[in-house]
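Worksheet: one structure, shown below.
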Amino acid sequence: MDEFPEDIRFLTLLHNIGATCPERSLSIEEISRWAAIDSQKVKEKLSKLANDRYVDILISGGVERYYVTVEGIRKVLSTYS
2 MDEFPEDIRF
12 LTLLHNIGAT
22 CPERSLSIEE
32 ISRWAAIDSQ
42 KVKEKLSKLA
52 NDRYVDILIS
62 GGVERYYVTV
72 EGIRKVLSTY
82 S
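Going by my numbering, 27 is the number at position 26 of the sequence shown; the sequence numbering is gapless.
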């Protein structure tokens with residue numbers, strides 16, 4: 002997995018922890034805990050992935066929650082072939 006860019010490895014982490022649909026979306030703080038990465042860095046990574054349409058944002062109770070889109074799932078799966 003080291004041969005893949007950092008953003009794709011992060012996308013794979015989101016996929017592997019199950020944030021793959023709106024119902025299983027995670028907040029920046031939750032992702033930060035899972036990834037053991039500072040919240041600001043998580044936000045930067047999510048912003049790039051959202052721009053690439055690999056993650057989407059859901060606002061629930063005033064909190065931004067993130068999940069991997071179908072395009073993101075395809076990207077993750079393509080790393081295994």
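Every residue, glycine too, gets a C-beta built ideally from N, C-alpha and C.
Ignore the nearest five residues each way along the sequence and tell me which others in residue i's own chain have a CB closer than 6 angstroms to its CB.
| i | result |
| --- | --- |
| V64 | S28 |
| K49 | D8 |
Rounded C-beta distance between residue i and residue j? I'm assuming under 8 angstroms.
| i | j | result |
| --- | --- | --- |
| V56 | V69 | 6 angstroms |
| V71 | H16 | 12 angstroms between Cβ atoms; not a contact. |
| L14 | A37 | Not really, about 10 angstroms apart at Cβ, beyond 8 angstroms. |
| A51 | I60 | So it is not a contact: roughly 13 angstroms between Cβ atoms. |
Applying the criterion that 16 or more other CB atoms from any shown protein chain within 10 Å of the CB defines a buried residue, is residue i buried or exposed?
| i | result |
| --- | --- |
| L12 | buried |
| R66 | buried |
| G73 | buried |
The beta strand (DSSP E) with residue i in it runs from where to where?
| i | result |
| --- | --- |
| R34 | Run containing R34: none in the beta strand (DSSP E); it sits in the alpha helix (DSSP H), I29 to A36. |
| E4 | Element bounds for E4: n/a, residue is neither H nor E. |
| I60 | V56 to S61 |
| E65 | V64 to V69 |
Who are the near neighbours of residue i in its chain, counting only those whose CB is closer than 7 angstroms to its CB and skipping five residues on each side?
| i | result |
| --- | --- |
| E30 | S40 |
| T21 | Y68, V69 and I74 |
| D53 | none |
Please work out which residues of its chain come closer than 8 angstroms, Cβ to Cβ, to residue i, disregarding the five sequence neighbours upstream and downstream, and give them in chain order.
| i | result |
| --- | --- |
| G19 | R25 |
Closer than 6 angstroms to a non-hydrogen atom of the ligand GDP - does that hold for the CB of residue i?
| i | result |
| --- | --- |
| A20 | In the structure shown, the ligand GDP is absent, as is every other ligand, since no ligand is present at all. |
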